[in-house]
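Here the structure comes first, spelled out in structure tokens, and everything after it is commentary.
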Amino acid sequence: MKVLIALASIVGFLMVVLPGPLYQFAGVSLGTAFTSLRFGVYVGGAALILIILQVLINRKSVSWGSTFIYAAMALVAVGMPVSMMSKASAVPPIHDITTDVTNPPEFVAIAPLREGAPNPVSYEGGDVTKQQLEAYPEIKTQLLPQSINEVYIAAERAIDALGWERVTEGALPNTLEATDTTTWFGFKDDVVVRLTIQNDDTLVDVRSKSRVGKSDLGKNAQRIDAFLFELRNQLGYH
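The working numbering runs 38 ahead of the 1-based position in the sequence shown.
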């Protein structure tokens, strides 16, 4: 049973941890990567059951050090995909979030980089807008009392602080565009920040959109919140 536990724990762990790097660097398809995640849960679950049986039946002969390691690997195999599924069920299956749903900021500089991406650069609206407003009512246009030049400089610093890659060639005036690459799968999500003068104040609108995937697991809304928080930080609000 010890050999079976070791095999199931290691295989389950690898089936869950490796799909991201394999998709990002080895050209494995997204469908194959997600299939590996799904079956990794089953293998990891089987490993946990075997570990429990071993502890119950052969408690005296259990090697607690190796058992703890295998249990940790099995828990990762089960926990990571289950956490993803939990997030997916808690948010709407959309991937394009904006502070201005009636006139969303437009991707211009980034548009050529998205050619061939499964998710088009255009804003769908309709049911997507409805789902966003219900799920993320706090995602709204921000009014800041600083000049547009001050906010623009702070926005540049905020993008750099968040580790996003700025894309400037062809960008519209008073607009910043950037790409955020996720760590595990290397998904590229794009952001556009639009600044508009309103008297002596500045309106800030942000849009974040995934290039692939139907549901973003709430990542785009989190990204907009993170940017606005960092923008205020750069402006000295915190």
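C-beta atoms are modelled at their ideal positions from N, C-alpha and C, and glycine is treated no differently.
Next item on the list: Pull up the CB-CB distance for Leu266 and Val230, whole angstroms please, since I reckon it's below 8 Å.
Entry: The pair is not a contact, with the Cβ atoms about 14 Å apart (cut-off 8 Å).
Next item on the list: Sort out for me which residues DSSP pairs Ser121 with in a bridge.
Entry: In DSSP, Ser121 forms no bridge with anything.
Checklist line | Assigned secondary structure, Lys178 (DSSP; H/G/I helix, E/B strand, else coil) | finding: coil
Checklist line | C-alpha gap between Asp134 and Lys168, whole angstroms | finding: 12 Å
Notebook entry, point to check: Between Met111 and Phe51, is the Cβ-Cβ spacing less than 8 Å?
Noted result: yes
Checklist line | 8 Å Cβ cutoff met for Ala193 and Trp202 | finding: no
Next item on the list: Along the beta strand (DSSP E) that carries Glu203, what are the first and last residues, could you check?
Entry: Glu203 to Val205
Next item on the list: Pull up the DSSP beta-bridge partners for Glu215, would you.
Entry: Val205 and Val230
Item checked: Beta-carbon contacts of Ala128 that lie in its chain and below 8 Å, excluding the five residues immediately before and after -> Gly256
Margin query: Do Tyr190 and Leu233 count as a contact pair if the criterion is CB distance below 8 Å?
Written below: yes
Next item on the list: Count the CB pairs spanning the stretch 60-78 and the stretch 96-109 that are closer than 8 Å, and state whether there are at least three.
Entry: no
Check: Taking the alpha carbon of Gly164 as the point to measure from, which residue in Tyr61, Ile177 and Asn141 has its own alpha carbon closest?
Finding: Asn141
Note to self: Considering only their Cβ atoms, is the gap separating Asn212 from Ile186 smaller than 8 Å?
What the structure shows: yes
Margin query: If you reduce the DSSP assignment to three classes, tell me which class Gln260 lands in.
Written below: helix
Next item on the list: Could you please give the first and the last residue of the uninterrupted beta strand (DSSP E) stretch that includes Asp243?
Entry: Asp239 to Ser248
Next item on the list: State yes or no: is the C-beta of Met118 within less than 8 Å of the C-beta of Val54?
Entry: yes
Next item on the list: Please report how far the alpha carbon of Ala109 lies from the alpha carbon of Ala199, in whole angstroms.
Entry: 37 Å
Next item on the list: Express the C-alpha separation of Ile48 and Gly78 in angstroms, rounding to a whole number.
Entry: 10 Å
Item checked: Inter-residue Cα distance where the pair is Glu153 and Ile107 -> 45 Å
Next item on the list: Would you kindly check if the distance between the Cβ of Gln170 and the Cβ of Ile132 is under 8 Å?
Entry: yes
Margin query: Using a 10 Å radius around the Cβ and a threshold of 16 neighbouring Cβ atoms, would you call Thr137 buried or exposed?
Written below: buried
Check: Mind pulling the beta strand (DSSP E) runs of 3 or more residues that sit fully within the stretch 148-200?
Finding: 180-182
Checklist line | Leu45 versus Leu113: straight-line alpha-carbon distance, rounded | finding: 14 Å
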